[in-house]
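Heads up, the sequence shown is in the numbering used here, so the first residue is 197 and it goes up one at a time.
Yeah, the Cβ is synthetic: ideal placement off N, Cα and C, and Gly gets one too.
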Amino acid sequence: MKRLFDLIMSIFLIIVLSPVIILAGFSVLVLTGCPVLFRQMRPGYKGRPFTIYKFRTMKPESGEYEVAPLSPADPRVTGIGRFLRRTSLDELPQLVNVLAGSMSMVGPRPEMPFIVEGYSEWQKRLLDVRPGITGLWQIMGRKDLPLHDNIEYDFYYIRNQSLMLDFAI
């Protein structure tokens, strides 16, 4: 049922948000001259790598696996990138990841490989579910806190996941 929910939601959102997706992509291209999409390998379900898609928000000379900007004033972030990050519109291409089955609408955020390599055994349980575009800690207003401060929300989700919890999130 969760996969069916993911398919229906991703198709619906791609269709409904297609004008926003096109406008965001066009804005990145015109305002930065950079490739529209940022692609990065991330560990997914059961640790299997997949390519995550996002709208490009950082300058192309930024390293692919650098630590994410902690401040909107980070000089690596482009002008349009600041807006896309603030509104979370940079995440819209991940609807394709959901459609392909490498991500879910709701689940723990997919972390960068160097972070997952440092997981302890109990933290590796985060890989027992598909990563999500959003999750419990993002809606709790905690998305700016580091992983170790939010992991309890992800484990709560894993222990209690249901369609109703997904709908609520």
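- By the criterion of a C-beta distance shorter than 6 Å, Glu307 is surrounded by no residue of its chain, once the five residues flanking it on both sides are discounted.
- Here Leu291 really is in contact with Ser206; their C-beta atoms are around 5 Å apart, less than 8 Å.
- With a cutoff of 8 Å on beta-carbon distance, Val232 and Val224 are scored as near each other.
- The segment 259 to 270 and the segment 285 to 302 do not touch, with fewer than three beta-carbon pairs separated by less than 8 Å.
- About 7 Å separates the beta carbons of Lys198 and Leu359, which is inside the 8 Å limit, making them a contact pair.
- Within the same chain, and ignoring the five residues on either side of Tyr352 in sequence, the residues whose Cβ sits closer than 7 Å to its Cβ are Leu332.
- Straight through space, the alpha carbons of Lys320 and Phe363 are spaced by roughly 25 Å.
- Going by DSSP, Gly328 is part of the beta strand (DSSP E) stretching over 328 to 330.
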